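Heads up, the sequence shown is in this note's numbering, so the first residue is 3 and it goes up one at a time.
C-beta atoms are modelled at their ideal positions from N, C-alpha and C, and glycine is treated no differently.
Note that the coordinates shown come from a computational prediction; the quantities given were computed from them, not determined experimentally.
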Amino acid sequence: MTIQIEQTDMQSVDQLTGKNQLLLTMIPNATPWVKANLANKSNTLSFASEDELIEQLGIGLSGTSIVSLPGANLTLEIKKLMELSVENTLALLSNESSTNTSTSTEISRRYHLISNDKLNKVKQFFDEHKLAVPVGWNMGLNDTIECYQSLTYVDNVLKQKTNIRTAAAQWALMRAQTLAEFGHYYCLYLHFYKYTDGDQSKIDALITLLINVVLNNLDCPLVTYELDPLNLQSAIAQWNKSGCNLGFSSLTSGLLCVGMNINLKDLDRISEEATIYLQQLQPLLSEKMATDSYVNQAGLCRHYIYSLPQRTMMLNVNNIGCLSLYSDLPAG
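Right under this line is the structure:
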């Protein structure tokens, strides 16, 4: 079939940008497929841009857009690779046959990449607590990343004894529907533990109260996928002026945002405390500017980071332009 890009027939792989030619070589069987179809004029397959062609090739050929770079100890989505410069991509590829990891370490820091060794922390955690991942749970890259981030936050901020962490893991396993949700619930249990003396019925009651709050705060504005900090701030302010709170990315991410930032000493005032949190959050997001942004490693959204003295907040814009609050975590 003829390959069309921006309504123009593609004539050769060489007409792609140097970066996309490089990415093409990193997708198994992509280059042979493109070359074979350039001469086939019986059908036409159209793409809005070169990037769309590259993004769709892995999905069409292998059912995945995830690329593995074993030598660089990385697994990432092709859209994330597009964020890297040609020089940085070549540097990662050169590590396929190099024992010097300093370059890839610096690139990983700059682009917020998490190594395979670090992501393996999730499997190690389940093995340590003798937990079986339920059949049907998504163990894909994005869920693994989200769970890893929760486990890392626990290690840095919510330190507890082994028996309490085991109880938290078992509780989270019963409530969660995905690996990402498991990480969120695990954090919540450990945070709530000190306010409830470990009484699971009180923890369950807290979750029920917070679910009602979060379900009423899931509405999100639709924006352009790529926003600079100033336009992001403007979009949030306009949304607030319409009388809406910026919604959470998901139910459990919302539970974690609210649960980690309200006063839990008086359990009878949880709803009121949650309302105060939401009322204070909205103007804060309208006044502050994002300090960093990057495509997430699984390619599902762009993260916008707010690094504040006592907390770090993260907003997401997903591939349909939905702007939401993903996390709001107090510093340790």
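About 7 Å separates the Cβ atoms of PHE49 and GLN6, confirming a contact at the 8 Å cut-off. Under the three-pair Cβ rule at 8 Å, the segment 306 to 313 counts as touching the segment 321 to 333. Measuring C-alpha to C-alpha distances from LEU24 to each of ASP11, SER44, LEU153, LEU94 identifies LEU94 as the nearest. In the DSSP annotation of this structure, the continuous segment of the beta strand (DSSP E) that includes ASP294 starts and ends at 294 to 297.
Bounds of the beta strand (DSSP E) holding ASP330 are 325 to 332. Per DSSP, reduced to three states, the secondary structure at GLN126 is helical.
In terms of Cβ geometry, CYS259 and LEU327 form a close pair [threshold 8 Å]. Between the segment 175 to 190 and the segment 132 to 140 there are three or more C-beta pairs closer than 8 Å, enough to call the two in contact. The beta carbon of VAL88 is closer than 7 Å to those of GLY20, LYS21, LEU24 in its chain, skipping five residues each way along the sequence. By the C-beta density criterion, ALA38 is exposed, having fewer than 16 other C-beta atoms within 10 angstroms.
According to the DSSP secondary-structure assignment, GLN6 is paired through a beta bridge with ASP11, SER48.
Here the alpha carbon of MET12 sits roughly 56 Å from the alpha carbon of ILE264. Here the C-alpha atom of ILE322 lies approximately 9 Å from the C-alpha atom of CYS303.
By the Cβ test, the segment 270 to 281 is in contact with the segment 207 to 217, since at least three Cβ pairs between them sit closer than 8 Å.
Taking LEU63 as the centre and dropping the five residues before and after it, the same chain places the C-beta of ILE29, PRO30, ASN31, ALA32, TRP35 closer than 8 Å to its C-beta, in chain order.
The shortest CA-to-CA distance from LYS81 to any of ASN75, VAL69, LEU92 is the one to VAL69.
For the pair LEU143 and ASP268, the Cα-to-Cα distance works out to about 39 Å.
Shortest Cα-Cα distance from LEU153 to any of THR168, LEU133, PHE127 involves PHE127. Rounded to the nearest whole angstrom, the C-alpha separation of GLU148 and ASP270 is 31 Å.
Inside the segment 162 to 245, DSSP marks whole alpha helix (DSSP H) runs of 4 or more residues at positions 164 to 177, 181 to 198, 202 to 217, 231 to 243, from first to last along the chain. The beta-carbon distance between CYS222 and LEU325, rounded to whole angstroms, is 6 Å. This is short enough to meet the 8 Å contact definition. Judged by DSSP in its simplified three-state form, MET315 adopts strand. The continuous stretches of alpha helix (DSSP H) do not include ILE307, which lies in the beta strand (DSSP E) extending over residues 303 to 309. Residue environment for ASN219: buried (at least 16 other C-beta atoms within 10 angstroms of its C-beta). Apart from sequence neighbours up to five positions away, the residues of its chain that approach THR293 with a beta-carbon distance below 7 Å are ILE307, TYR308, SER309, ordered along the chain.
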